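K.L.:
In my numbering, the protein residues as written are 9 to 324. The C-beta atom is built at its ideal place from N, Cα and C for all residues, glycine as well. These numbers were taken from a predicted model, which means no experiment stands behind them.
(1) Mapping the DSSP letters down to three states, classify residue 343 as helix, strand or coil.
(2) Does DSSP put residue 339 in a helix, in a strand, or in coil?
(3) DSSP beta-bridge partners for residue 50?
(4) Work out the CA separation of residue 308 and residue 135 for me, nearest whole Å.
(5) Helix, strand or coil for residue 297 per DSSP?
(6) Whole angstroms is fine: what's the gap from residue 133's alpha carbon to residue 294's?
(7) Taking only runs that begin and end inside the segment 42–115, name each unbroken alpha helix (DSSP H) of 4 or more residues, in chain order.
(8) So, helix, strand or coil for residue 9, using DSSP?
(9) Any idea if residue 77 is buried or exposed, counting beta-carbon neighbours within 10 angstroms, 16 or more meaning buried?
(10) Count the other C-beta atoms from every protein chain shown that fall within 10 angstroms of the C-beta of residue 164, then say buried if there are 16 or more, exposed otherwise.
(11) Could you say if the segment 108–119 and the segment 136–146 meet the contact criterion of at least three C-beta pairs nearer than 8 Å?
(12) With three or more beta-carbon pairs closer than 8 Å as the criterion, would you say the segment 41–50 touches the segment 64–74?
(13) Give me the residue from 170, 50, 217 with the minimum Cα distance to residue 149.
(14) Considering only C-alpha positions, which residue in the set 34, 37, 39, 58 is nearest to residue 24?
(15) Report, in whole angstroms, the separation of the C-beta atoms of residue 204 and residue 126, which I expect to be a contact under 8 Å.
(16) Applying the 10 Å Cβ sphere with the 16-neighbour rule, what's the burial state of residue 323?
(17) Nearest to residue 18 by CA position, among 69, 34, 83, 26, is which residue?
(18) Thinking C-beta only, is residue 190 closer than 8 Å to residue 168?
(19) Take residue 220 and list the residues in its own chain whose beta-carbon comes closer than 8 Å to its own, dropping the five residues that flank it on each side.
(20) Please list the segments of the alpha helix (DSSP H) lying wholly inside the segment 110–184, counting only runs of 4 or more residues, in order along the chain.
In structure tokens, the structure reads:
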């Protein structure tokens with residue numbers, strides 16, 4: 009077991025309805041066990057059980073509302089210096105990493121790039137409990153009132169417009185027509201590509217906000233389905249563990265990397281606070297790759313995305 013560092017960090021997971029946690033059972037069991045083992049506070053919020061939070065965060069679109077709720081939880085828990093926002097379908101594939109490993113003390117907010125497209129990931133980020141961090145979240149969730157009447161991509165797309173208006177105000181309207189014309193996810197990605205082009209595709213330093221580049225060791229989450237749910241020692245958290253996509257022939261299909269259990273997910277929660285905690289991560293041998301094998305697979309996807317980005321932005 010690695011040494012536990014005493015940096016005040018909490019993890020927050022938010023859903024709109026408590027019953028939806030059932031769709032993320034493996035993700036949540038692995039996260040709960042991990043947090044219990046390393047003594048990280050895990051705060052789960054179900055909005056159907058929190059009328060006060062709903063009244064303080066009345067956004068109609070849950071995807072925006074969740075960032076407002078996250079900000080409220082930061083305000084209610086001032087003793088924690090850092091917060092991880094995690095989608096409910098994010099699970100711990102490899103518990104041999106600490107949350108401290110990904111903290112940048114010089115950044116108030118840390119985002120990362122998704123591998124299979126051009127976006128800054130909206131489903132997980134790290135925020136320092138500062139006024140700057142909380143104000144930025146407010147700017148983001150408040151954008152619900154400014155999104156176009158199109159297939160707009162909700163908070164995923166809006167975060168990019170917030171970046172553009174804040175860091176390249178002279179280009180604030182450069183991509184708006186593309187966003188307004190969007191009719192599907194391809195339209196959203198075209199808009200996101202436009203924003204990234206105007207921000208500078210390789211620009212990852214935005215003052216007190218850091219955006220970590222795809223495929224680097226400093227990114228704490230990735231889409232596990234990109235490698236067929238196979239993982240390497242550098243991997244930490246996988247995104248996409250939804251029961252509704254498990255072994256189903258659809259986008260983001262995934263397979264369980266753990267040995268099947270007779271009941272539930274196989275995580276025995278009574279072990280999580282003991283030296284036997286790691287026995288809960290019982291892997292299928294064929295799902296373990298070397299770091300180099302993972303890197304080579306992901307690099308092919310990264311190169312494909314780069315070519316697509318160049319194609320879309322070639323005339324900009």
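P.N.:
This is what the structure holds:
(1) Since the first residue of the chain shown is 9 and the last is 324, residue 343 is not available in this structure.
(2) Limits of the chain in this structure are 9 at one end and 324 at the other, which puts residue 339 out of reach.
(3) According to DSSP, residue 50 bridges with 19.
(4) Between residue 135 and residue 308, the alpha-carbon positions lie close to 31 Å from each other.
(5) Here residue 297 sits in coil by DSSP.
(6) Their backbone Cα atoms lie some 31 Å apart in a straight line.
(7) Qualifying alpha helix (DSSP H) stretches, in chain order: 59–64, 70–84.
(8) The pLDDT assigned to residue 9 is 45, lower than 50, so where the model puts this residue is not dependable; a value taken from the coordinates is nonetheless given after this. Assigned with DSSP and collapsed to three states, residue 9 falls in coil, not helix or strand.
(9) Counting other Cβ atoms within 10 Å of its Cβ, residue 77 reaches 16 or more and is therefore classed as buried.
(10) Buried, because 16 or more other Cβ atoms sit within 10 Å of the Cβ of residue 164.
(11) Short answer: they touch.
(12) Flag = no, the segment 41–50 and the segment 64–74 do not touch.
(13) The residue with the shortest Cα to Cα distance from residue 149 is 170.
(14) Answer by Cα proximity: 58.
(15) At roughly 5 Å, the Cβ-Cβ gap stays under 8 Å, so residue 204 and residue 126 are in contact.
(16) Around the C-beta of residue 323, fewer than 16 other C-beta atoms lie within 10 Å, and the residue is accordingly described as exposed.
(17) For the residues 69, 34, 83, 26, the minimum Cα distance to residue 18 belongs to 83.
(18) Not a contact, by the Cβ cut-off of 8 Å.
(19) Spatial neighbours of residue 220 in its own chain (CB-CB distance under 8 Å, excluding positions within 5 residues in sequence) are listed in chain order as 118, 119, 120, 121, 212, 226, 227.
(20) Taking only runs of at least 4 residues, the alpha helix (DSSP H) segments lying wholly in the segment 110–184 are 139–149, 162–175.
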